[in-house]
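**Student:** Quick one: this structure, given as structure tokens, is what I'll be asking you about.
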Amino acid sequence: MTIVGPEMLASHMLKEKVIAGGLFASGSLVLLVPKGARATLKPKRVLVAWDASLEASRAVREPLDILAGANEVRIVMIDPIEDERHHGAEPGADVATYLSRHGVKVMVDRLPSSNHSIADVLRQHAVDTGAELMVMGAYGHSRLRERIFGGVTMSMLEEPGLPILMAR
């Protein structure tokens, strides 16, 4: 695991290199710890940002021991698409079943974006539910596309709000 603390997050030049190295070169999980946040690998409440991507799947698979130790894990989907190419007939059911089979106490939250960015909805839901850690896949789109058009990963890197565990 690569841990990126507040000082590194404040350094725009080094932050991108360290995070890209952790996610792309080493394939390790990256834990972002923003200023003022208390990071723990034994959180009681975890929010999982779920979009049914390969990156999100890896982000759920890798820290199974952390998720299993939590009192509450919320699978959060923003405006999920219900079809076989995206979330399936019942968005969140497959990942919830997978996690519950591994001893994770899981709930599924399907939220509307209501003309807000996905990152803002996730941050607000984390506050509303008292999450101590967010788990998410990183760079579901190319880094170039995210740099040009923006994206959830880039938004979370700019303003984490709480500790975030990312996987690619």
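Per my numbering: the sequence shown = residues 92 to 259.
Every residue gets a Cβ at the ideal spot worked out from N, C-alpha and C, and that includes glycine.
1) Pick helix, strand or coil for residue 108, following the three-state DSSP scheme.
2) Among the candidates 180, 108, 187, whose CA atom is the shortest distance from the CA of residue 163?
3) Could you tell me the alpha carbon to alpha carbon distance between residue 110 and residue 227, rounded to whole angstroms?
4) Is the Cβ-Cβ distance between residue 95 and residue 254 less than 7 Å?
5) Would a C-beta distance cut-off of 7 Å place residue 191 and residue 199 closer than the cut-off?
6) With a threshold of 6 Å on Cβ separation, who are the neighbours of residue 147 within its own chain once the five nearest residues in sequence on each side are excluded?
7) Does the Cβ-Cβ distance between residue 242 and residue 214 come in under 7 Å?
8) Report buried or exposed for residue 172, applying the criterion of at least 16 other Cβ atoms within 10 angstroms of its Cβ.
9) What span of residues does the alpha helix (DSSP H) with residue 156 cover, start to end?
10) Since I believe residue 134 is in contact with residue 223 (beta carbons under 8 Å), could you give me their beta-carbon distance rounded to a whole number of angstroms?
11) For residue 146, which three-state DSSP category applies?
12) Can you tell which of 139, 204, 122 has its C-alpha closest to the C-alpha of residue 132?
13) Let me confirm a value: residue 270 is counted as buried when at least 16 other C-beta atoms fall within 10 Å, else exposed. Which label applies?
14) What residue from 153, 189, 206, 218 has the CA that sits closest to residue 169's CA?
**Tutor:** Looking at the atomic coordinates:
1) By 1-based counting over the sequence shown, the position of residue 108 is 17. The answer is helix: DSSP assigns residue 108 an H, G or I state.
2) Position 72 of the sequence shown, counting from 1, holds the residue named residue 163. Considering only alpha carbons, the answer is 187.
3) Taking the first residue of the sequence shown as 1, we reach residue 110 at position 19. Taking the first residue of the sequence shown as 1, we reach residue 227 at position 136. In a straight line, the C-alpha of residue 110 is about 14 Å away from that of residue 227.
4) For this step, residue 95 is matched to residue 4 along the sequence shown. For this step, residue 254 is matched to residue 163 along the sequence shown. The answer is no: Cβ separation not under 7 Å.
5) Within the sequence shown, the letter at position 100 stands for residue 191. Within the sequence shown, the letter at position 108 stands for residue 199. Taking 7 Å as the Cβ cut-off, residue 191 and residue 199 do not qualify as a contacting pair.
6) Against the sequence shown, residue 147 aligns to sequence position 56. 141, 228.
7) Position 151 of the sequence shown, counting from 1, holds the residue named residue 242. Position 123 of the sequence shown, counting from 1, holds the residue named residue 214. No; because the gap between Cβ atoms is not below 7 Å, this pair is not in contact.
8) For the purposes of this step, residue 172 is taken as the residue at position 81 of the sequence shown. With fewer than 16 other Cβ atoms within 10 Å, it is exposed.
9) Position 65 of the sequence shown, counted from the start, is the residue given in the question as residue 156. Start and end: 155-160.
10) Within the sequence shown, numbered from 1, the residue matching residue 223 stands at position 132. Within the sequence shown, numbered from 1, the residue matching residue 134 stands at position 43. Indeed they touch by this definition, with Cβ atoms about 4 Å apart.
11) Taking the sequence shown and counting its residues from 1, one reaches residue 146 at position 55. The answer is helix: DSSP assigns residue 146 an H, G or I state.
12) For the purposes of this step, residue 132 is identified with residue 41 of the sequence shown, where counting begins at 1. Considering only alpha carbons, the answer is 122.
13) The requested residue 270 does not occur in the structure, where the chain is confined to residues 92 to 259.
14) As a first step, residue 169 is located in the sequence shown; it is residue number 78 there, counting from the start. When only C-alpha atoms are compared, the closest one is 206.
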